[in-house]
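Asks: Residue numbers (our numbering): 314 to 698.
Starting off with a structure, shown below.
Given below as structure tokens:
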């Protein structure tokens, strides 16, 4: 049997966290590390989206306004999601502990086959698509910066507010450009951590719910001793408690993040399309924003898809219990099975909502796209096209 290690998918997430908040991983962090974390989050998490938004108050041209707004909303959403993840890091550590325990319960050949063909395959496909999209965005972004530097232009990548005159001093212009490039790289690590955690965790949750259903449905069909079956039923009930705790922690850790994700992605998609349609003329910018559009979709779709998978697997739990060979077991076994089945019918407790308001599933994804299209239609009508 292949050794199951679902936590290996979280390594890029923890690499990002170690770069951004090394103080979390030490009981007594050094003053230099505290200072590093403080200034990093002041300069990037707080000031970078703020200096983009302040430029909107200076009444820029329509092209600058749309370009600025595209990145402003993205950075504000990224910072908010990052802060939410920092707040929930202790719960994320507990989730990893639960995943490690649930991985250890995978025993039969059927379970191993399902894990490899579905859980592992889906998690690997998602992570590869995510890392590939981020790599393409930053490859185009850094290429554009390199072209700008070679040409000797120290213009800002995104129109933004600085408390000094950049046009009269080339040195200050270079510093401002360097600040934006550095902030974009840091925002990339934040975004990678943000967009990795939720879909991956929902994928593993759906997978482990299904794996538990496989074990439960086989109860009594592979064993001849009724006493062993009752003992195993109690073991499966304890495993189900771990799944309930897993689901509870997932709901807590992704609620605020997904609310920001849904609203931010809908508005960002609309603005990206509007900016590309009305103002983008050069090829590099067009490629950049096309890839950017794809990345925003990659950010949103997997979370909704895997949340729908979780809901479907939860719906099947009572059927998995009923599929076991309960009818020729002892009276205590049947009584425990009856009570346990009634508890699993309370599916409302398993609903995942973004911000406690919007149920997270594929319907939320399509609703977000409809919202983006509605906003785009308003923009097009306002432009008189």
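Even glycine gets a Cβ: it sits at the ideal position worked out from N, Cα and C.
Nothing here was measured: the structure is a model prediction, and the numbers come from that model.
Kindly list the residues whose CB is nearer than 7 Å to the CB of residue 569, restricted to its own chain and excluding five residues on each side of it in sequence; keep chain order.
Replies: The residue labelled residue 569 in the question sits at position 256 within the chain shown. 397, 668, listed in sequence order.
Asks: Check whether the Cβ atoms of residue 386 and residue 577 lie closer than 7 Å to each other.
Replies: Working through the chain shown from its first residue, we reach residue 386 at position 73. Working through the chain shown from its first residue, we reach residue 577 at position 264. The answer is yes: Cβ separation under 7 Å.
Asks: Within the region 327 to 373, note down every full alpha helix (DSSP H) run reaching 4 residues or more, in order along the chain.
Replies: Within the region 327 to 373, the runs of alpha helix (DSSP H) at least 4 residues long that lie entirely inside it are, in chain order, 344 to 353, 360 to 369.
Asks: Output the distance between the C-alpha atoms of residue 451 and residue 327, rounded to the nearest integer angstrom.
Replies: Start at 1 with the first residue of the chain shown, and residue 451 comes out as number 138. Start at 1 with the first residue of the chain shown, and residue 327 comes out as number 14. Rounded to the nearest angstrom, the gap between the Cα atoms of residue 451 and residue 327 is 20 Å.
Asks: For the alpha helix (DSSP H) that contains residue 525, what are its first and last residues?
Replies: The count along the chain shown starts at 1 and reaches residue 525 at position 212. Per DSSP, residue 525 belongs to the alpha helix (DSSP H) from 483 to 530.
Asks: With distances taken from CA atoms, which of 555, 499, 330, 542 is nearest residue 357?
Replies: Within the chain shown, numbered from 1, the residue matching residue 357 stands at position 44. It is 499 whose Cα lies nearest to the Cα of residue 357.
Asks: Is the beta carbon of residue 416 less than 7 Å from the beta carbon of residue 319?
Replies: On the chain shown, position 103 is the one that residue 416 refers to. On the chain shown, position 6 is the one that residue 319 refers to. For residue 416 and residue 319, yes; Cβs fall inside 7 Å.
Asks: Please say whether residue 506 and residue 329 have beta carbons closer to each other than 7 Å?
Replies: As a working mapping, residue 329 is identified with position 16 in the chain shown. As a working mapping, residue 506 is identified with position 193 in the chain shown. Yes, Cβ-Cβ distance for residue 329 and residue 506 is below 7 Å.
Asks: State the DSSP-derived secondary structure class of residue 550, mapped to helix, strand or coil.
Replies: For this step, residue 550 is matched to residue 237 along the chain shown. Residue state, collapsed to three classes: helix.
Asks: Where do the ends of the alpha helix (DSSP H) carrying residue 606 lie?
Replies: Residue numbering aside, residue 606 sits at position 293 when the chain shown is read from its first letter. Where residue 606 is concerned, the enclosing alpha helix (DSSP H) stretches over 596 to 628.
Asks: Considering only the beta carbon of each residue, do residue 601 and residue 453 sit closer than 7 Å?
Replies: For this step, residue 601 is matched to residue 288 along the chain shown. For this step, residue 453 is matched to residue 140 along the chain shown. Yes, the Cβ-Cβ distance between residue 601 and residue 453 is below 7 Å.
Asks: Can residue 607 and residue 446 be called in contact, C-beta distance under 7 Å?
Replies: Reading the chain shown from its first residue, position 294 is the one you call residue 607. Reading the chain shown from its first residue, position 133 is the one you call residue 446. Closer than 7 Å, so yes.
Asks: Which of the three DSSP states is assigned to residue 473 in this structure?
Replies: Locating residue 473 in the chain shown gives position 160, counting from the first residue. Residue state, collapsed to three classes: coil.
Asks: Pull up the CB-CB distance for residue 685 and residue 572, whole angstroms please, since I reckon it's below 8 Å.
Replies: Taking the first residue of the chain shown as 1, we reach residue 685 at position 372. Taking the first residue of the chain shown as 1, we reach residue 572 at position 259. Contact doesn't hold; Cβ gap of about 16 Å is too wide.
Asks: Using 10 angstroms around the beta-carbon of residue 579, count the other beta-carbons present and answer buried if the total reaches 16, otherwise exposed.
Replies: Indexing the chain shown from 1 puts residue 579 at position 266. By the 10 Å Cβ count, residue 579 comes out buried.
Asks: Here's the rule: buried if 16 or more other CB atoms are within 10 angstroms of the residue's CB, otherwise exposed. What is residue 617?
Replies: The residue labelled residue 617 in the question sits at position 304 within the chain shown. When all chains shown are included, residue 617 counts as buried.
Asks: With distances taken from CA atoms, which of 526, 420, 355 is nearest residue 629?
Replies: Walking along the chain shown from the start, residue 629 turns up at place 316. Among 526, 420, 355, the Cα nearest to that of residue 629 belongs to 526.
Asks: For residue 650, count the other beta carbons within 10 Å of its own beta carbon; 16 or more makes it buried, fewer makes it exposed. Which is it?
Replies: Within the chain shown, the letter at position 337 stands for residue 650. It counts as buried.
Asks: Using DSSP with H/G/I as helix, E/B as strand and the rest coil, what is residue 480?
Replies: Along the chain shown, one-based indexing puts residue 480 at 167. Reduced to three states, the DSSP call for residue 480 is coil.
Asks: The alpha helix (DSSP H) with residue 407 in it runs from where to where?
Replies: Residue 407 sits at position 94 when you count from the first residue of the chain shown. Run containing residue 407: 402 to 417, per the alpha helix (DSSP H) assignment.
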